[in-house]
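The next block holds one structure in the form of structure tokens; read it before the comments.
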Amino acid sequence: MTSTEINIHLYCNFIIYNIAALSILGFAAPLYAKFNNGTVYGYIPGEIFAQHELKDPNKSALVAKHLAKLHRANIAAEPKKPICLTVFELPEKYTNPKTNEKFVNNMNLKKLKEEMCFLEEQLVKNNNPVHLSMADIIIVDLILKIILIPSPGGNTKVTDAEVEELYREVAKFALVSLFYYSVWTLLSSEISDIKYDFMEYAYER
1 MTSTEINIHL
11 YCNFIIYNIA
21 ALSILGFAAP
31 LYAKFNNGTV
41 YGYIPGEIFA
51 QHELKDPNKS
61 ALVAKHLAKL
71 HRANIAAEPK
81 KPICLTVFEL
91 PEKYTNPKTN
101 EKFVNNMNLK
111 KLKEEMCFLE
121 EQLVKNNNPV
131 HLSMADIIIV
141 DLILKIILIP
151 SPGGNTKVTD
161 AEVEELYREV
171 AKFALVSLFY
181 YSVWTLLSSE
191 ISDIKYDFME
201 YAYER
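Residues 1 to 205 in the UniProt record's numbering are what the sequence shown spells out, letter by letter.
In structure tokens, the structure reads:
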């Protein structure tokens with residue numbers, strides 16, 4: 001088994017675990033079976049979101065509400081460790097001479113570690129109860145399966161200041177997502193057998 005196949009195998013097991021856990025919580029279709037090369041899971045009736053639908057204030061609010069519930073879900077299979085420790089586990093030298101040269105000329109691992117630890121310190125200060133986060137959710141991941149009916153009595157009103165505070169907090173987590181893609185591609189530069197310039201992508205990120 002190649003390093004890429006091992007990496008994909010581990011990733012797929014992680015995804016299957018998440019699907020099973022999210023299914024129990026009502027965020028995914030039920031998982032029925034797992035094979036060496038695939039899975040069998042249930043069907044969710046509904047329509048995949050289109051980009052223009054996110055402009056609908058009712059639908060976009062519904063998406064935000066469900067994502068908030070998703071992010072509060074605690075499905076960790078093992079104790080969490082500090083984010084910055086992941087950066088410390090990155091290779092300091094790459095086997096491929098060209099990849100290593102690009103890494104030495106364009107990357108500063110010490111600075112990456114400092115930036116990640118600084119970002120983590122800022123997030124810890126927020127005392128945010130987030131348990132689970134999706135780094136690459138796209139519109140086709142969203143399925144609309146209920147009819148929106150305005151509730152009588154209205155919703156709780158929020159102030160502009162509260163919206164601004166939430167926006168700033170979410171922006172910090174967006175930075176973590178961008179940073180993590182860079183970390184992932186730096187790791188892939190060493191362990192992946194796929195013919196792709198992961199190091200260049202990491203540099204661009």
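Think of the CB as a built atom: it goes at the ideal place given N, C-alpha and C, for glycine as much as any other residue.
- In the DSSP assignment, Val158 falls outside any alpha helix (DSSP H), carrying neither H nor E.
- By alpha-carbon distance to Glu92, the top candidate from Ala171, Leu186, His52, Leu123 is Leu186.
- Per the DSSP secondary-structure output, Ala171 pairs with nothing in a beta bridge.
- Shown here for Leu54: same chain residues with a beta carbon closer than 6 angstroms to its own, the five before and five after excluded, namely Ser60 in chain order.
- For Thr39, the enclosing beta strand (DSSP E) starts and ends at 38 to 41.
- Only exposed fits Ala33, as fewer than 16 other CB atoms lie within 10 angstroms of its CB.
- For Phe35, the enclosing beta strand (DSSP E) starts and ends at 31 to 35.
- In the three-state scheme derived from DSSP, where H, G and I count as helix and E and B as strand, Thr95 is classed as coil.
- Spanning the alpha carbons of Phe27 and Leu70 requires a straight line of approximately 7 angstroms.
- With contacts defined by Cβ atoms closer than 8 angstroms, Ile19 and Leu31 form a contacting pair.
- Look at Glu204 here: in three-state DSSP terms it is helix.
- The stretch 157 to 168 and the stretch 100 to 119 do not touch, with fewer than 3 CB-CB distances between them shorter than 8 angstroms.
- Under the three-state reduction of DSSP output, Leu70 falls in the helix class.
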